[in-house]
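Accompanying notes for the structure given below.
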Amino acid sequence: MNDPNTAESAGEIDYIVVEESPRFISLKRTQRSFIFPLAAFFLIWYFVYVLLAAFATEFMSQRVWGDITVGLLLGLGQFVTTFAITMAYVAFANRKLDPLAQEIREDLEKAQAGA
């Protein structure tokens, strides 16, 4: 009865059972173990930047080269960090999440076709 491939009637899949299956739980855990630490890192990095801009204006306005200031470099660093996190997540998803999701999807499609 707890088999994710079990259909209540022809062609129907019990998605609640699938969601509670060990493989799906593992998929969610793997995704969250990557997302939550990076989200926390980025939020801390963002708030440090905002706090520096608000309270350390002398530091942020120091010129590094010509009209380029520390604040400008840190602000551009926000964009670089965003792209780096996105690229890291895509690589992680391709390597770790997508194969497991594909297995789950294929099993469900087989179960639905066989029902």
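Read in order, the letters of the sequence shown are residues 1 to 115 in my numbering.
Even for Gly, the Cβ is constructed at its ideal location relative to N, Cα and C.
Express the C-alpha separation of residue j and residue i in angstroms, rounding to a whole number.
i	j	result
alanine 7	threonine 86	Confidence in alanine 7 is poor, its pLDDT being 43 and thus under 50, which makes the residue's placement unreliable; the coordinate value appears in the next sentence. Going by the C-alpha atoms only, they are around 38 angstroms apart.
methionine 1	lysine 96	With a pLDDT of only 44 at methionine 1, under the threshold of 50, the placement of this residue in the model should not be trusted, and no figure is reported.
leucine 52	phenylalanine 83	22 angstroms
isoleucine 44	lysine 110	45 angstroms
alanine 54	glutamine 31	34 angstroms
Determine the burial state of residue i: buried for a count of at least 16 other Cβ atoms within 10 Å of its Cβ, exposed for fewer.
i	result
arginine 105	exposed
alanine 113	exposed
leucine 76	exposed
May I ask you to report which of helix, strand or coil DSSP gives residue i?
i	result
isoleucine 85	helix
isoleucine 104	helix
isoleucine 13	coil
glutamate 20	coil
**Study point:** 4-residue-minimum alpha helix (DSSP H) runs that sit fully inside the segment 23-87, ordered along the chain
**Key:** 57-60
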